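To keep things clear, I will list the structure first and then write my remarks on it.
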Amino acid sequence: MNRKGVAERFAALGFGSDGWTDPPVRADFVHDLDEIVMLIEGEIEASFAGKTLRPGPGEEIVIPAGASHTARNTGKITNRWYDGYPPGITDGVTTVRGTGCATRR
Numbered sequence: 046m047n048r049k050g051v052a053e054r055f056a057a058l059g060f061g062s063d064g065w066t067d068p069p070v071r072a073d074f075v076h077d078l079d080e081i082v083m084l085i086e087g088e089i090e091a092s093f094a095g096k097t098l099r100p101g102p103g104e105e106i107v108i109p110a111g112a113s114h115t116a117r118n119t120g121k122i123t124n125r126w127y128d129g130y131p132p133g134i135t136d137g138v139t140t141v142r143g144t145g146c147a148t149r150r
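In structure tokens form, the structure reads like this:
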């Protein structure tokens, strides 16, 4: 799915969108708003709310506000994914705590 298609899909669900490239692990992040993510390339393991998911490219995950979450690269290439936050949020990343970093694309 291309960036425009993802933006349209997320908008239909009530979210904005942006792209990210991740390091091997983003651990223990908490945001004060819901987040939606879609893996575009790579292999990822996402853990939150007592569950671990392994979405494939094009699959969406919604992470509820306040849920501590961790993303791990379980593959051999860099992960690329799109994320989205509710409309009207300029920079939806309002991290309360976390380690690791991500690069906005």
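For what it's worth, the numbering used here labels the leading residue of the sequence shown as 46, then goes sequentially. Backbone N, C-alpha and C fix where the C-beta goes; we use that ideal spot for every residue, glycine too. Predicted, not measured: the structure shown is a model, and the values here were computed from it.
For residue 100, the nearest candidate out of 75, 127 and 63 (CA to CA) | 127
Would DSSP call residue 55 helix, strand or coil?
-> helix
Span of the beta strand (DSSP E) around residue 75 = Careful: residue 75 lies outside any beta strand (DSSP E) and carries neither H nor E.
In three-state terms, what does DSSP make of residue 49?
-> helix
Beta strand (DSSP E) segments (min. 3 residues) lying fully within the stretch 69–134 = 70–74, 80–86, 89–93, 96–98, 105–108, 114–118 and 125–129
Quick one: grab the DSSP three-state call for residue 61.
-> coil
Residue 102 and residue 86: beta carbons closer than 8 Å?
-> yes
Contact set for residue 104: own chain, Cβ-Cβ below 8 Å, skip 5 residues either direction | 83 and 84
Using a threshold of 8 Å, state whether the C-beta atoms of residue 17 and residue 116 are closer than that.
-> The question about residue 17 has no answer here: the residues shown for the chain are numbered 46 through 150.
With a 10 Å radius around its C-beta and 16 neighbouring C-beta atoms as the bar for buried, classify residue 124 as buried or exposed.
-> buried
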